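In my numbering, the protein residues as written are 15 to 278.
One structure is given here, and the rest of the page talks about it.
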Amino acid sequence: MHATTKQTYGERAAQHPNACAKRMLELMETKKSNLSLALDVTTKKELLEIADKVGPYICLLKTHIDIVDDFDQDLIEQLLALSKKHNFMIFEDRKFADIGNTVKHQYGNGIYRIASWSDITNAHGVPGEGIITGLKEVGLPLGRGLLLLAEMSSKGALTYGEYSSKTIEMARRNQDFVMGFITQRRINELPNEDFIAMSPGVGLDVTGDGLGQQYRTPHQVIVESECDMIIVGRGIYGKGRDVEAEARRYQEAGWVAYEERIRQ
Ligand code: 5IU
15 MHATTKQTYG ERAAQHPNAC AKRMLELMET KKSNLSLALD VTTKKELLEI ADKVGPYICL
75 LKTHIDIVDD FDQDLIEQLL ALSKKHNFMI FEDRKFADIG NTVKHQYGNG IYRIASWSDI
135 TNAHGVPGEG IITGLKEVGL PLGRGLLLLA EMSSKGALTY GEYSSKTIEM ARRNQDFVMG
195 FITQRRINEL PNEDFIAMSP GVGLDVTGDG LGQQYRTPHQ VIVESECDMI IVGRGIYGKG
255 RDVEAEARRY QEAGWVAYEE RIRQ
């Protein structure tokens, strides 16, 4: 077990050198939530309605802003208002994958201007370290944080072995901006390192979606795999589900697992 696995989110926040990671950990501690909602819906109305219902239970709202048919600037303003109302941070799951100069513009410019509203975003290590340098130029002055994709949850993913280790090395060299990983299990941390491990592919009722997604339970993710945050999508807002009840259920399951872990 890693040293940070047994610490509380609050203890880790108090000594974290990365400003965005510190804010995230503080929020998890005060809100008693390690739940992130992955809100993959295609209309502004659904996005805002579900975010408002689930807001009290989550620490982080994960978006795919480019799938919203009727995207406009007002959506961003309303989303930011909800993040203040309910006290959650925002993570645009953009998965940047190009050279530094291109991602810099994809992050700061275009219709979405992701850096202007999203606290956190993420990137693949595929292009090499220039991708971090490019994103950092835009994000660091704004106090943003970056997650690297160390491991994916989907069947047959190529993110393993040396690819994952090299990604981790890149993160180590950029700890001012890289705050953690999207991963299926906690990475091997060196002394004085603390990367927030966020895990998608979480569900309590089903094990897959027929399109390659693979689900594990909050207990498997937080206790067995030592990750810090569960990212849940359709388990909360899927067809026929009571969104608020499911959000509460996942928040509780995530927090109970965390309490078990820090007591171990
Ligand atoms: N997501 C994954 N697996 C990954 C990565 C991202 O599922 O390895 I990186 C995203 C895709 C979707 C959300 O936005 O997390 C999971 O949604 P569901 O809980 O509805 O499967």
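Cβ atoms here follow ideal geometry from the backbone N, Cα and C, with glycine treated the same way.
Note that the coordinates shown come from a computational prediction; the quantities given were computed from them, not determined experimentally.
Annotation for Lys67: no beta strand (DSSP E) segment contains it, though the alpha helix (DSSP H) segment containing it runs 58-68. Sequence-distant partners of His30 (beyond 5 residues in either direction) whose C-beta falls short of 8 Å from its own C-beta, in its chain, are Lys36, Leu39, Asp208.
Distance from the CA atom of Lys253 to the CA atom of Leu161, rounded to whole angstroms, is 30 Å. The C-beta of Tyr251 has 16 or more other C-beta atoms within 10 Å across all chains shown, which makes the residue buried. Taken in chain order, the unbroken stretches of beta strand (DSSP E) that lie wholly in the region 163-243 and span 3 residues or more are 192-196, 210-214. The residue among Glu260, Gly247, Glu258 with its C-alpha nearest the C-alpha of Leu53 is Gly247. Between Met243 and Ser50, the beta carbon gap of about 6 Å places them in contact (Cβ cut-off 8 Å). The region 106-165 contains, as complete alpha helix (DSSP H) runs of 4+ residues, the segments 114-122, 144-153 (chain order). Short note on Ser178: C-beta not closer than 7 Å to any heavy atom of the ligand 5IU. The beta-carbon distance between Arg158 and Ile134, rounded to whole angstroms, is 7 Å. This is short enough to meet the 8 Å contact definition. Remark: C-beta atoms of Val216 and Ile245 approach each other more closely than 8 Å. Beyond the five residues adjoining it in sequence on each side, Asp219 comes within less than 8 Å, by CB distance, of Gly249 in the same chain, given in chain order. Looking only at Ala185, Phe191, Asp190, Pro214, the smallest Cα-Cα distance to Ile201 is reached by Ala185.
Contact between Asn48 and Tyr272 holds: their C-beta atoms lie close to 6 Å from each other, under 8 Å.
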